[in-house]
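Numbering-wise, our numbering puts 76 at position 91 of the sequence shown, and it's gapless, one number per residue.
See below for the structure under consideration.
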Amino acid sequence: MSLRNCKRCGKLFDFQGHSVCQTCLVKDTDDFAKIWEYLSQNPSAAVLELSRATGVDPVVINRFRREGRLVIDPKKGEKLFCASCGKQINEGRFCSDCANQLRMEMLAANNELAMQAEVKMKGKVHTMDSLKKRR
């Protein structure tokens, strides 16, 4: 059981894979459907225009952009910047360069942990073998 705060309402909830509580998840789904429908008819809409037409808060629209669920022309909406280097991006949290660097660092750390676990396993097997020989 993992407790987290809802990204939308701030309420504490049991985390089940989404960044929002169950109540807000329904609202998010409805809001995203409204946005998607409006964008299918008006593909060049700006964030404020989307907000006025759909009634969805611009903060929610920008959260969808940060999550990578929605891409809007940066000239027509609030600009998004990479959380690592500050470079302007169209969607998500990181630019492609920083995302690749982060991915490589995580792979290296994972490989290092795997090597350490392998060394530990060999050590245990060796100890176990020596105990069997003594008996």
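Quick reminder that beta carbons are idealized off the backbone N, C-alpha and C, glycines included.
The model shown is predicted, which means the values in this text are computed figures rather than measured ones.
Take the Cβ of residue i as the centre, count every other Cβ of all protein chains shown within 10 Å, and call the residue buried at 16 or more, exposed below.
i, result
"residue 18", "exposed"
"residue 5", "buried"
"residue -6", "exposed"
"residue 32", "buried"
"residue 35", "buried"
"residue 50", "buried"
"residue 39", "buried"
"residue 45", "buried"
"residue 16", "buried"
"residue 99", "exposed"
"residue 102", "exposed"
"residue 94", "exposed"
Hey, out of the options, whose CA is closest to residue i's CA?
i, options, result
"residue 54", "24, 98 and 94", "24"
"residue 85", "98, 67 and 99", "67"
"residue 2", "32, 30 and -12", "-12"
"residue 47", "39, 38, 64 and 40", "64"
"residue 27", "96, 57, 98 and 41", "57"
"residue 52", "-4, 72, 8 and 13", "13"
"residue 22", "41, 11 and 10", "41"
So, for residue i: in the same chain, excluding its five sequence neighbours on each side, which residues have a beta-carbon less than 6 Å away from its beta-carbon?
i, result
"residue 82", "none"
"residue -2", "-9 and 6"
"residue 72", "80"
By Cβ distance, which residues of its chain are closer than 8 Å to residue i, with the 5 residues on each side in sequence left out?
i, result
"residue 0", "-13, -12 and -11"
Within its chain, find whatever has a CB closer than 7 Å to the CB of residue i; leave out the 5 residues flanking it on each side and keep chain order.
i, result
"residue 69", "79 and 83"
task = Pair every Cβ in the stretch 90 to 103 with every Cβ in the stretch 60 to 80, then say whether three or more of these pairs are closer than 8 Å.
result = no
Complete runs of the alpha helix (DSSP H) confined to the stretch 35 to 83 [at least 4 residues] = 43 to 51
request  = Ignoring anything shorter than 4 residues or poking outside the stretch 4 to 37, list the alpha helix (DSSP H) runs there in chain order.
outcome  = 7 to 26
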